[in-house]
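Contents: one structure, followed by commentary.
Residue numbers (our numbering), protein chains in the order written: chain A, 16 to 226; chain B, 65 to 307; chain C, 239 to 473; chain D, 32 to 75.
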C-alpha cells in the first residue's frame, strides 16, 4: 500500500515537471524552478504543523505512536526544508546573481531549516528512548512552532524582492503547479507513514529485549 | 468535602499500577493505612518499593489507580494532598550550601508554615540538631543529614510520612534516634510508610508489615498476627507461603 | 602499529557517525553563529562601521554568556534530590519556573551592567536614547531567560552534555534577533528611525515596530515556557 | 538553463537520498528480525 502511495506521488511530480516545462513554461527559463520550490516550501511548513499536532498529541495521550510520528514528520520536513533552501538559493542566484541575501523570505526559510535541524539533533542527543526524552522533544516541537507562524507567514504579506509579483496565470501553469503540490504532499504523507511504521517496528524489536 | 473513603484512612492506595517502557513494576497495589499506624514495606531490590513511594508522593504518575492522602486525591488535588505529605528519600533534599536553619526556613516558606521560627526551634530540639543550627548542611555526618531530612519532612505537620530506606548508612546510635522520632510521630497520630532492607529495625519501628514481590503485595498483616521468628529468617519464602 | 592506528580511527568515525551527537551539534552551532552575525550586521542597510560591529558583538556576547549562566540555573537542584523537594511542595510547577526566570533575569541584568558599557567604550558608540536602550536590552534579556530557563531545566535534569542548550535557545531566539539588531542599530545611530525597502530590516520598519516585535516574542515565549515547564520537570 | 537543471537535480537527489536512508533502515531492521527469528527456535 505504501509503495503505491509513493509511486503515485512520483507520478504526479513527473507529470507536473513535464507539463511545467513544456506547455506551462515560464518565460525566463530559470523561473521554472518555482514548480518545485513552491510545493516544497508549502510542504516544509505543513510538516512542521504535523510535528506540532503529533507533539501535542503525545503530551496529551502519552501514546508512543504520536512521538514516532513526530520524529517521522520532522525528518520529512527537514528534507523538504533542505530542498526549499537549496532551490531558493539557486533561484536567487539565477535571478539576482547572489547566492543569499538576508531578505525576510530567505531568512525565515533558513530559520525553518535550523528549527528542523535542532529538533533532530535534540531527538538524537537526549539519552535513551524513555518517556522523558520524548516529552522534551515534544516540548521543543511546540515552542519551536511558535517561531514559524510569527515569521514565516508574516513574511508572506509584505512586498519583498524575493518573489517578483508573478502569478501562475495560464491554466497549464496552474495545472503544473497543482500537480506538483499534490505530488509533494502525497510524497510527504507517504514518507511520514513509512518512517513511522519503520520506527514502530524497530521499537517493538528493541523493546522485546527488555521484557 | 466530597470524599469517597472514610476520613479515618490517612493513606489509601487503590489498584495502582505502573509500567516502565515494557517492564510492569507495579501491578494493582491496594493499601489502606489508617491514621497513627506505621507500615514497613519490604521487598528485594527492584520489587518496586521506591517506585510505589514515588507514585504515592505524586512525583511519578501511575498508569492507573488512585492515591488519596487524608481523602485528597494526589493527582486531582495536588496542593491539598502535598500539604499532608512529608517524604524522606536517600537524598536529603537539603541544599549543601545553606545552613541547617536556612534549609528549614526555606522549606517552611515553601509549605507556608505559620510562626516559622517557633516551629523550627521545636523541630531542631526534637531532632537534636540545635547545636548544628549554623553549620552548612554539607559538613554534616550522614546521621545528622538524615535527622535534618526528617526535620524538613515534619516541618509542615504532615499527616503521612513516607520514608525510603531511612536507616541506610546510619550507625546504631543514629538509627535508634531516627526510630524514636518515628515512634513519637506515630504516637501523635501520624502515619508512616517506610521501606527498608533491615527487617529487624522495620519490625521494631512498625506494627504492620507489607511485602512487595514483583510489583504485587503478597503479604500485608500486622506484626502480632505473623510468626516474627520465621519471618525474620527468610521473609520472602515465608511471605510467599502466606499469600 | 599501523593496523592498530587505522582500526582505532575507523572505530571512532563509525561510533561518532552512529551516535550522531557531537558532529551535528558543532556544525549547527557554527552555522547559527554565522547566521546571527549576518543578521545582526546587515551591511546592505547599515553601511558597516563601528555601530554595526558593536550591535552584533553586544548581542552575541549577550546570548552566549546568558546561556552559560542559565545552563547552571538548575544545578543547585541537581544534587541531594532538591528537585524532588521543590516538586513535593504544595505549589505548581509554574511558580518554580517564574522564580527561576526572575533569578536568571537578575543575573543577566548584572551581566548587562558590566558588558554594555564595555561595548559602548570599546566601539566608542554614542547612544541615541538611554531609556530606549535599557528597554531593548531588557526585552532581549527576557527573551533569552524565558527560553533559557525552560530548556536549561530540560538539559540539566536529563544530564545531557555539550552545546545542546546553546543551539536550542539560539535557534528559538533567531527570529527575535532581527528586530533586536534593528533596534540597537537605530540607537547607535547606524540606521534611520524608519526604514523602507526590501531587506529584513525593512520588514521590521521602524523602531517602535521593532520593540513591538520583541515584546510579542517575549510574551509568547514566556507564556509558552510557563505552561510547558510542568511537563519538562515531571519525571 | 544550468540553474534550472541544477535545481531539479538537487530536488531529486534529496528525495532519493532520504528514500535510500529509509530503505537502508528497513533492510537493517529486516536483517535483525531474521537473525532474531531463526535464533529463537533453537533456544525454546
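All C-beta atoms, glycine included, are put in the ideal place defined by N, C-alpha and C.
Neighbour list for residue i in chain C, Cβ cutoff strictly below 9 Å
i, result
"residue 279(B)", "Near residue 279(B) there are no residues of chain C at all, since even the closest Cβ is about 18 Å away, more than 9 Å."
"residue 143(B)", "328, 329 and 330"
"residue 238(B)", "By Cβ distance, chain C contributes nothing, its closest Cβ being about 18 Å from residue 238(B), past 9 Å."
"residue 174(B)", "323, 324, 326, 327, 328 and 329"
Expected contact under 8 Å - CB spacing of residue i and residue j to nearest Å
i, j, result
"residue 428(C)", "residue 146(B)", "The pair is not a contact, with the Cβ atoms about 54 Å apart (cut-off 8 Å)."
"residue 187(B)", "residue 215(B)", "4 Å"
"residue 191(A)", "residue 131(A)", "Rounded, the Cβ-Cβ distance is 27 Å, inconsistent with contact."
"residue 119(B)", "residue 144(B)", "Not really, about 18 Å apart at Cβ, beyond 8 Å."
"residue 278(B)", "residue 111(B)", "6 Å"
"residue 234(B)", "residue 151(B)", "Incorrect: roughly 18 Å between the Cβ atoms, too far for contact."
"residue 74(A)", "residue 153(A)", "5 Å"
"residue 253(B)", "residue 99(B)", "5 Å"
"residue 84(A)", "residue 217(A)", "So it is not a contact: roughly 14 Å between Cβ atoms."
Proximity to residue i [Cα-Cα], best of the options
i, options, result
"residue 214(A)", "149(A), 57(A) and 87(A)", "87(A)"
"residue 97(A)", "124(A), 106(A), 80(A) and 82(A)", "124(A)"
"residue 163(A)", "75(A), 59(A), 201(A) and 145(A)", "59(A)"
"residue 352(C)", "249(C), 303(C) and 270(C)", "303(C)"
"residue 130(B)", "95(B), 101(B) and 149(B)", "95(B)"
"residue 202(C)", "312(C), 339(C) and 260(C)", "Outside the shown range of chain C, which is 239 to 473, sits residue 202(C), and nothing can be said about it."
"residue 41(D)", "38(A), 76(A) and 48(A)", "48(A)"
"residue 241(B)", "224(B), 209(B), 272(B) and 154(B)", "209(B)"
"residue 56(A)", "27(A), 68(A), 200(A) and 211(A)", "200(A)"
"residue 261(C)", "23(A), 139(A) and 65(A)", "139(A)"
"residue 289(C)", "449(C), 366(C) and 452(C)", "366(C)"
"residue 263(B)", "292(B), 77(B) and 238(B)", "292(B)"
"residue 280(B)", "84(B), 107(B), 98(B) and 76(B)", "107(B)"
For residue i, the three-state DSSP class (helix, strand or coil)
i, result
"residue 136(A)", "helix"
"residue 270(B)", "coil"
"residue 294(B)", "helix"
"residue 347(C)", "helix"
"residue 78(A)", "coil"
"residue 262(B)", "coil"
"residue 367(C)", "coil"
"residue 457(C)", "helix"
"residue 130(B)", "strand"
"residue 246(C)", "helix"
"residue 108(B)", "coil"
"residue 150(B)", "strand"
"residue 142(B)", "helix"
"residue 99(B)", "coil"
"residue 137(B)", "strand"
"residue 217(A)", "helix"
"residue 179(A)", "For residue 179(A), the predicted structure reports a pLDDT of 49, less than 50, and the residue's modelled location is therefore unreliable. The matter cannot be settled from this model."
"residue 92(B)", "strand"
Proximal residues of chain A, C-beta to C-beta of residue i below 7 Å
i, result
"residue 57(D)", "213"
"residue 469(C)", "74, 150 and 154"
Residue i beta carbon near the ligand NAD (any heavy atom closer than 8 Å)
i, result
"residue 123(B)", "The ligand NAD is not part of the structure shown, which contains no ligands of any sort."
Proximal residues of chain A, C-beta to C-beta of residue i below 9 Å
i, result
"residue 67(D)", "220 and 223"
"residue 378(C)", "Under the 9 Å cutoff, chain A gives no residues; its nearest Cβ is about 16 Å from residue 378(C)."
Under 8 Å by beta carbon: chain C residues contacting residue i
i, result
"residue 147(B)", "328"
"residue 89(A)", "Per Cβ cutoff of 8 Å: no residues; residue 89(A) is ~13 Å from chain C at best."
"residue 125(A)", "273"
Proximal chain D residues relative to residue i, where beta-carbon distance stays under 8 Å
i, result
"residue 82(A)", "None at all; the shortest Cβ gap to chain D is about 17 Å."
Chain C residues whose Cβ lies nearer than 7 Å to that of residue i
i, result
"residue 159(A)", "410"
"residue 132(A)", "266"
Residue i vs residue j beta-carbon contact at 9 Å
i, j, result
"residue 297(C)", "residue 271(C)", "no"
"residue 158(A)", "residue 416(C)", "no"
"residue 101(B)", "residue 255(B)", "yes"
"residue 198(A)", "residue 17(A)", "no"
"residue 74(B)", "residue 223(B)", "yes"
"residue 473(C)", "residue 390(C)", "no"
"residue 290(B)", "residue 273(B)", "yes"
"residue 456(C)", "residue 377(C)", "yes"
"residue 122(B)", "residue 149(B)", "yes"
"residue 133(A)", "residue 409(C)", "yes"
Contacts of residue i in chain A (Cβ-Cβ under 8 Å)
i, result
"residue 263(C)", "136 and 140"
"residue 39(D)", "32, 48 and 51"
"residue 466(C)", "154, 157 and 158"
Amino acids of chain D, ordered along the chain, whose beta-carbon sits closer than 7 Å to that of residue i
i, result
"residue 120(A)", "By Cβ distance, chain D contributes nothing, its closest Cβ being about 17 Å from residue 120(A), past 7 Å."
Per-residue contacts from residue i into chain B (C-beta, under 9 Å)
i, result
"residue 145(A)", "84 and 85"
Residues that residue i contacts on chain B, provided the C-beta gap is smaller than 7 Å
i, result
"residue 322(C)", "123, 153 and 157"
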